[in-house]
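In order, the protein sequences belong to chains V and W. Per the working numbering, the very first residue in the first sequence carries number 1; after that it's consecutive. Per the working numbering, the very first residue in the second sequence carries number 491; after that it's consecutive. No residue lacks a Cβ here, since even glycine has one placed at the ideal position from N, Cα and C.
There are 2 protein chains.
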Amino acid sequence: MSKALPKRSENYSEWYNELVKRADLAEHSAVKGCMVIKPYGFAIWEKMQRALDDMFKATGHQNAYFPLFVPKSFLEKEEEHAEGFAKECAVVTHYRLKANPDGKGLIVDPDAKLEEELIVRPTSEAVIWNTYKGWIQSWRDLPLLINQWANVVRWEMRTRIFLRTAEFLWQEGHTAHATSEEAIEETEKMLGVYATFAEEWMAMPVLKGVKTPSERFAGAVDTYCIEALMQDGKALQSGTSHFLGQNFAKSFDVKFVNKENQTEFPWATSWGVSTRLMGALIMAHSDDNGLVLPPRLAPIQVVIVPIYRNEEDLAKISERANPIIEKLKSLGVSVKYDFDDKFKPGYKFAEYELRGVPVRLAIGMRDLENGTVEVARRDTLSKETLALDGIEDKIVALLDEIQTNIYQKALKFREENTFRVDTWEEFQEQIEKGGFILAHWNGTDDTEEKIKAETKATIRCIPIGAAEESGTCVYSGEPSQKRVVFARSY
Amino acid sequence: MSKALPKRSENYSEWYNELVKRADLAEHSAVKGCMVIKPYGFAIWEKMQRALDDMFKATGHQNAYFPLFVPKSFLEKEEEHAEGFAKECAVVTHYRLKANPDGKGLIVDPDAKLEEELIVRPTSEAVIWNTYKGWIQSWRDLPLLINQWANVVRWEMRTRIFLRTAEFLWQEGHTAHATSEEAIEETEKMLGVYATFAEEWMAMPVLKGVKTPSERFAGAVDTYCIEALMQDGKALQSGTSHFLGQNFAKSFDVKFVNKENQTEFPWATSWGVSTRLMGALIMAHSDDNGLVLPPRLAPIQVVIVPIYRNEEDLAKISERANPIIEKLKSLGVSVKYDFDDKFKPGYKFAEYELRGVPVRLAIGMRDLENGTVEVARRDTLSKETLALDGIEDKIVALLDEIQTNIYQKALKFREENTFRVDTWEEFQEQIEKGGFILAHWNGTDDTEEKIKAETKATIRCIPIGAAEESGTCVYSGEPSQKRVVFARSY
Numbered sequence: 001m002s003k004a005l006p007k008r009s010e011n012y013s014e015w016y017n018e019l020v021k022r023a024d025l026a027e028h029s030a031v032k033g034c035m036v037i038k039p040y041g042f043a044i045w046e047k048m049q050r051a052l053d054d055m056f057k058a059t060g061h062q063n064a065y066f067p068l069f070v071p072k073s074f075l076e077k078e079e080e081h082a083e084g085f086a087k088e089c090a091v092v093t094h095y096r097l098k099a100n101p102d103g104k105g106l107i108v109d110p111d112a113k114l115e116e117e118l119i120v121r122p123t124s125e126a127v128i129w130n131t132y133k134g135w136i137q138s139w140r141d142l143p144l145l146i147n148q149w150a151n152v153v154r155w156e157m158r159t160r161i162f163l164r165t166a167e168f169l170w171q172e173g174h175t176a177h178a179t180s181e182e183a184i185e186e187t188e189k190m191l192g193v194y195a196t197f198a199e200e201w202m203a204m205p206v207l208k209g210v211k212t213p214s215e216r217f218a219g220a221v222d223t224y225c226i227e228a229l230m231q232d233g234k235a236l237q238s239g240t241s242h243f244l245g246q247n248f249a250k251s252f253d254v255k256f257v258n259k260e261n262q263t264e265f266p267w268a269t270s271w272g273v274s275t276r277l278m279g280a281l282i283m284a285h286s287d288d289n290g291l292v293l294p295p296r297l298a299p300i301q302v303v304i305v306p307i308y309r310n311e312e313d314l315a316k317i318s319e320r321a322n323p324i325i326e327k328l329k330s331l332g333v334s335v336k337y338d339f340d341d342k343f344k345p346g347y348k349f350a351e352y353e354l355r356g357v358p359v360r361l362a363i364g365m366r367d368l369e370n371g372t373v374e375v376a377r378r379d380t381l382s383k384e385t386l387a388l389d390g391i392e393d394k395i396v397a398l399l400d401e402i403q404t405n406i407y408q409k410a411l412k413f414r415e416e417n418t419f420r421v422d423t424w425e426e427f428q429e430q431i432e433k434g435g436f437i438l439a440h441w442n443g444t445d446d447t448e449e450k451i452k453a454e455t456k457a458t459i460r461c462i463p464i465g466a467a468e469e470s471g472t473c474v475y476s477g478e479p480s481q482k483r484v485v486f487a488r489s490y
Numbered sequence: 491m492s493k494a495l496p497k498r499s500e501n502y503s504e505w506y507n508e509l510v511k512r513a514d515l516a517e518h519s520a521v522k523g524c525m526v527i528k529p530y531g532f533a534i535w536e537k538m539q540r541a542l543d544d545m546f547k548a549t550g551h552q553n554a555y556f557p558l559f560v561p562k563s564f565l566e567k568e569e570e571h572a573e574g575f576a577k578e579c580a581v582v583t584h585y586r587l588k589a590n591p592d593g594k595g596l597i598v599d600p601d602a603k604l605e606e607e608l609i610v611r612p613t614s615e616a617v618i619w620n621t622y623k624g625w626i627q628s629w630r631d632l633p634l635l636i637n638q639w640a641n642v643v644r645w646e647m648r649t650r651i652f653l654r655t656a657e658f659l660w661q662e663g664h665t666a667h668a669t670s671e672e673a674i675e676e677t678e679k680m681l682g683v684y685a686t687f688a689e690e691w692m693a694m695p696v697l698k699g700v701k702t703p704s705e706r707f708a709g710a711v712d713t714y715c716i717e718a719l720m721q722d723g724k725a726l727q728s729g730t731s732h733f734l735g736q737n738f739a740k741s742f743d744v745k746f747v748n749k750e751n752q753t754e755f756p757w758a759t760s761w762g763v764s765t766r767l768m769g770a771l772i773m774a775h776s777d778d779n780g781l782v783l784p785p786r787l788a789p790i791q792v793v794i795v796p797i798y799r800n801e802e803d804l805a806k807i808s809e810r811a812n813p814i815i816e817k818l819k820s821l822g823v824s825v826k827y828d829f830d831d832k833f834k835p836g837y838k839f840a841e842y843e844l845r846g847v848p849v850r851l852a853i854g855m856r857d858l859e860n861g862t863v864e865v866a867r868r869d870t871l872s873k874e875t876l877a878l879d880g881i882e883d884k885i886v887a888l889l890d891e892i893q894t895n896i897y898q899k900a901l902k903f904r905e906e907n908t909f910r911v912d913t914w915e916e917f918q919e920q921i922e923k924g925g926f927i928l929a930h931w932n933g934t935d936d937t938e939e940k941i942k943a944e945t946k947a948t949i950r951c952i953p954i955g956a957a958e959e960s961g962t963c964v965y966s967g968e969p970s971q972k973r974v975v976f977a978r979s980y
């Protein structure tokens with residue numbers, strides 16, 4: 001059996017890194033800052049993709065694909081956008097290698113220098129809005145509702161698998177609308193889609209809010225976000241949806257003729273979630289034994305382990321297990337029957353725990369005699385012995401129960417770790433302990449910056465729909481009408 | 491109504507370009523050599539992806555994701571591989587831009603030069619085999635059966651949408667095996683998967699064969715391929731599967747301990763198909779009216795167009811059409827009900843023809859009275875009037891019939907355009923007319939090269955399973971035991 005994981009309580013960061021590695025989710029590649037997503041990790045990402053893609057299509061969006069490269073001059077067009085991304089751009093300058101005239105190997109061919117440098121997309125607003133110029137002429141072309149699944153590159157010096165990597169996978173929605181109202185509605189709708197996905201699929205409660213100006217996406221008028229609380233008390237931004245106003249339309253000279261025959265600039269949104277969600281999923285639920293996966297995203301929902309001494313026993317167990325497997329599959333449950341004899345049952349149990357398989361069934365010879373099966377839940381680590389007859393429906397119900405339980409547990413954790421704080425002393429004390437802090441803020445960049453410098457806490461969001469409440473800024477003592485959410489974050 | 495397409499018989503190339511544009515499949519982007527895949531085109535690609543992905547998983551493969559960037563030193567490790575791709579590499583040399591000190595805009599920051607240049611992957615053997623070093627130690631780790639869906643970049647000077655672009659989308663399988671036999675079996679199995687996909691989904695007959703040494707993938711021991719014949723008599727290589735021997739294992743020092751406790755190098759394969767298949771699909775079946783899509787890959791399989799004068803008529807038609815639509819959907823048919831009143835039925839008919847929708851139903855008021863519907867087939871352009879009652883099952887059967895008919899038509903075309911040629915005069919004459927030429931070849935690179943120089947014909951493949959047949963090389967007159975397939979190609 002493999003060595004135990006580090007404990008969350010002792011070294012959360014080490015626990016995360018080891019878990020990612022041991023559960024075979026991903027690894028650092030030899031290419032600096034880039035990760036390799038391993039098959040088991042990728043299978044979870046595929047489930048996320050499928051669910052999100054279905055939700056995007058159900059809300060009227062279509063997928064398309066735009067170039068990997070952004071010419072430097074495109075990126076420059078929207079000034080804030082350019083400034084925001086300039087420092088983390090991978091730049092293609094040449095298009096050919098040649099044999100090294102001085103010996104072995106290849107060198108960059110100096111004769112193959114590009115006239116204009118190409119940036120590996122850090123995001124695609126520039127290249128997409130340059131394309132939309134050809135797609136949008138009339139109000140009839142609007143709304144334009146497009147999504148892209150792609151890889152993007154943002155050069156990061158300090159990387160962490162899934163949470164911050166130079167290359168990551170994501171989807172980016174880019175829409176164009178005839179009116180500001182409609183674009184804002186879209187921005188909020190997609191934030192809602194992300195929140196629903198986080199809660200119903202990832203079993204992860206999220207706060208919906210708006211970013212302060214200093215935390216906005218470069219080029220956006222408003223950035224909406226969902227924020228989740230990890231088990232170490234840090235916040236993780238899990239998705240953003242931007243109202244871009246007419247900024248990109250103006251920068252790329254995209255216009256349309258409205259129903260009144262007047263020329264206008266369309267209104268834009270963009271929104272994205274990435275493989276960062278994998279990090280969120282891992283950190284939200286997992287424990288010191290390994291991954292805890294919500295059943296809706298688990299590549300293997302149920303594993304069946306036969307306990308046998310010889311081929312004859314195995315044949316008898318399989319005879320009883322096979323119809324159960326077939327029935328479960330027909331009910332849409334993904335099942336693995338692990339009769340591999342290279343490993344002992346105890347080893348297998350630990351491995352499936354490590355990998356977060358929600359339900360484990362063990363069937364031995366005595367079970368066959370008694371018509372029973374041992375059912376183990378990954379979320380509670382509890383076991384019970386149930387009748388084999390009719391087990392399939394019980395498992396389907398159990399998977400639902402586990403999905404709900406994981407969500408409720410995370411919700412309870414968040415509730416217990418959300419604090420209303422009214423004094424600066426209390427703020428400083430609480431931020432060391434972690435959690436979401438609801439506090440008043442005077443609304444200035446200056447205060448936000450000072451709080452960050454002194455405590456490493458940032459405003460995660462101004463919550464949507466929070467009640468108006470008179471109070472005084474926790475830092476400046478100035479009046480405030482609303483609490484905002486502070487936390488340290490990933 | 492939009493202008494008619496150019497005719498295939500007059501300008502095939504112009505016909506293709508216009509069709510890609512008018513059917514809203516894709517367009518050239520402002521980024522040199524890169525394309526934008528538009529939503530309708532992407533929807534077809536998604537159907538291809540889903541079908542292929544299911545087939546890969548059914549044959550035991552798992553998806554994973556590897557970095558976009560290949561360090562130059564990795565690419566250099568397998569010499570032939572390096573040589574083959576050096577001339578078409580996009581090279582990242584810097585990781586940051588900065589404000590232009592001389593004025594507006596951004597410049598590449600000279601202080602942010604990479605120590606080692608990164609190549610945007612033209613293919614991933616190098617980065618994947620470097621990773622496999624950590625994944626393969628024992629025979630228990632084999633076979634390793636991995637696939638990746640990704641974008642790749644090969645710098646092309648003369649590009650053509652879908653057929654040859656600097657960036658394209660593809661999948662690349664990379665497997666490792668304990669024995670040469672098993673790796674060759676895998677190479678052939680995946681070629682078979684591609685052939686099945688081409689024939690059963692794309693309705694496109696393909697020849698299966700092996701490439702001559704001069705046409706092998708850089709770094710492969712053997713390259714297998716599927717070749718299809720386009721309507722202009724040119725061949726299109728539609729997929730390749732490579733047996734890589736131990737070349738990459740040796741270059742990246744990947745070893746395993748076999749069952750006899752000896753250290754060995756594993757055997758490798760790689761195989762890929764790309765968005766080039768979109769070009770193949772378009773060129774194999776479409777006609778002067780537009781796209782012809784096989785139903786299994788059509789994003790919209792059936793369009794229903796109501797013919798009405800006023801809202802009242804429309805309501806009556808919809809009342810009859812809605813249950814048909816529901817029934818069709820429940821049978822797994824994708825249906826669009828186009829009651830848009832911005833366009834006249836004639837315009838709509840032409841548009842859906844252009845977009846290759848396999849079946850069109852038109853329902854007018856007289857049809858309602860008579861209980862009939864006009865059913866138009868895209869493949870034959872024929873129409874018939876059928877009873878509305880029970881139309882759903884007829885449509886399902888019709889879609890199957892169209893799928894088969896499109897395949898049969900393409901197969902007939904290929905058969906009529908495949909020629910056995912025995913003299914050089916005949917060869918020269920026939921190659922001008924197009925088609926596959928089955929001819930004897932003496933097996934030398936030299937002859938192959940001369941034939942290419944004189945006629946632009948290449949050996950598309952040495953067909954698998956072709957009968958031995960004594961003859962003389964069509965060019966050199968030397969003895970030969972087998973015919974190979976020549977053609978001009980894309």
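*Please name the residue in W:Ile881, W:Ile952, W:Ala774, W:Gln893 whose C-alpha comes closest to that of Ser970 of chain W.*
Closest by alpha carbon: W:Ile952.
*asked:* Can you pull the chain W neighbours of Pro492 of chain V, defined as C-beta to C-beta under 9 Å?
replied: Residue 492 of chain V is absent from the model: chain V starts at 1 and stops at 490.
*In the region 401-413 of chain V, which residues sit with their C-beta less than 9 Å from some C-beta in chain W, listed in chain order?*
Of all residues in the region 401-413 of chain V, none has a Cβ within less than 9 Å of some Cβ in chain W.
*Sequence-distant residues of its chain with Cβ nearer than 6 Å to Lys336 of chain V (five each side left out)*: Excluding its 5 nearest sequence neighbours in each direction, Lys336 of chain V has C-beta neighbours in its own chain below 6 Å: Ile300, Val303, listed in chain order.
_Any C-beta of chain W under 8 Å from that of Cys461 of chain V_ = Chain W contact via Cβ: absent.
*Could you tell me which chain V residues have their CB closer than 8 Å to the CB of Arg586 of chain W, listed as they occur along the chain?*
Correct list: Ala86, Lys87, Glu88, Cys89, Val91, Trp155.
_Does any residue of chain V have a CB that is nearer than 8 Å to the CB of Asn553 of chain W?_
Yes, its Cβ sits closer than 8 Å to a Cβ of chain V.
*Given that Cys34 of chain V touches chain W, what residues does it touch there, using C-beta distances under 8 Å?*
Those are Pro557, Leu558, Phe559, listed as they occur along chain W.
*Of the choices V:His242, V:Ala30, V:Leu438, whose alpha-carbon is the least far from that of His81 of chain V?*
Of the candidates V:His242, V:Ala30, V:Leu438, the residue whose Cα lies closest to the Cα of His81 of chain V is V:His242.
*Evaluate contact between the region 739-750 of chain W and the region 614-626 of chain W, counting only Cβ atoms and requiring at least three cross-stretch pairs below 8 Å.*
With a cut-off of 8 Å, the region 614-626 of chain W and the region 739-750 of chain W count as touching, because enough Cβ pairs lie within range.
*For Phe926 of chain W, write down the residues that DSSP places opposite it in a beta bridge.*
Phe926 of chain W is bridged to W:Thr908.
*Give the straight-line distance between the Cα atoms of Glu675 of chain W and Trp757 of chain W, rounded to the nearest whole angstrom.*
Distance between Glu675 of chain W and Trp757 of chain W, taken at the CA atoms: about 11 Å.
*Among V:Glu374, V:Asp288, V:Arg22, V:Trp139, the one whose alpha carbon lies nearest that of Asn261 of chain V*: Comparing Cα-Cα distances from Asn261 of chain V to each of V:Glu374, V:Asp288, V:Arg22, V:Trp139, the minimum goes to V:Trp139.
*asked:* Taking 8 Å as the threshold (beta carbon to beta carbon), is Val31 of chain V in contact with chain W?
replied: Cβ-Cβ to chain W under 8 Å: yes for Val31 of chain V.
*So what's His94 of chain V in DSSP terms, helix, strand or just coil?*
The answer is strand: DSSP assigns His94 of chain V an E or B state.
_Cβ neighbour criterion (16 or more within 10 Å) applied to Met491 of chain W_ = Per-residue confidence for Met491 of chain W stands at a pLDDT of 45, beneath the threshold of 50, marking its modelled position as unreliable; no derived number is given.
*Can you pull the chain V residues whose beta carbon is under 8 Å from the beta carbon of Leu659 of chain W, in chain order?*
Within 8 Å Cβ-Cβ: Tyr65.
*Segments assigned alpha helix (DSSP H), at least 4 residues, entirely inside the region 528-584 of chain W*: Within the region 528-584 of chain W, the complete alpha helix (DSSP H) runs of at least 4 residues are 529-548, 562-567, 569-576.
*Which chain V residues are close to Leu888 of chain W, counting only those with a beta carbon under 8 Å from its beta carbon?*
Those do not exist, as Leu888 of chain W stays about 26 Å from chain V at its closest Cβ, beyond 8 Å.
*chain V contacts made by the region 622-638 of chain W, where a contact means CB separation under 8 Å*: Within the region 622-638 of chain W, contact with chain V at the beta-carbon level (separation under 8 Å) is assigned to Gly624, Arg630, Ile636.
*Between which two residues does the beta strand (DSSP E) carrying Leu169 of chain V extend?*
Where Leu169 of chain V is concerned, the enclosing beta strand (DSSP E) starts and stops at 167-177.
*Who are the near neighbours of Ala533 of chain W in its chain, counting only those whose CB is closer than 8 Å to its CB and skipping five residues on each side?*
For Ala533 of chain W, same chain residues with a beta-carbon under 8 Å away, outside a window of 5 residues either side, are Pro789 in chain order.
_I'd like to know if the region 54-65 of chain V and the region 524-531 of chain W are in contact, where contact means that at least 3 CB-CB pairs between them fall below 8 Å._
Yes, the region 54-65 of chain V touches the region 524-531 of chain W.
*Measure how close the beta-carbons of Gly209 of chain V and Glu227 of chain V come, nearest whole angstrom, since I'm counting them as under 8 Å.*
Contact between Gly209 of chain V and Glu227 of chain V is confirmed by a C-beta separation of about 7 Å, below the 8 Å threshold.
*Give the range of the alpha helix (DSSP H) segment to which Pro835 of chain W is assigned.*
835-844 is the extent of the alpha helix (DSSP H) around Pro835 of chain W.
*Could you round the C-beta distance between Pro695 of chain W and Leu901 of chain W to whole angstroms and report it? I think they count as a contact, below 8 Å.*
The pair is a contact, with the Cβ atoms about 5 Å apart (cut-off 8 Å).
*Checking contacts by CB at 8 Å: is Phe303 of chain V closer than that to chain W?*
Per the sequence presented here, residue 303 of chain V reads as Val, with Phe not at that position. Not one beta carbon of chain W lies nearer than 8 Å to the beta carbon of Val303 of chain V.
*Just checking my contact of Ile324 of chain V with Ile406 of chain V at CB under 8 Å: how many whole Å lie between their CB atoms?*
Between Ile406 of chain V and Ile324 of chain V the Cβ distance is about 24 Å, and since that is not below 8 Å, they are no contact.
*Hey, is Ile37 of chain V's beta-carbon within less than 8 Å of any beta-carbon in chain W?*
It does; some Cβ of chain W falls within 8 Å.
*Kindly indicate if chain W contains any beta-carbon less than 8 Å away from that of Ala82 of chain V.*
With its beta carbon less than 8 Å from one in chain W, Ala82 of chain V belongs to the interface.
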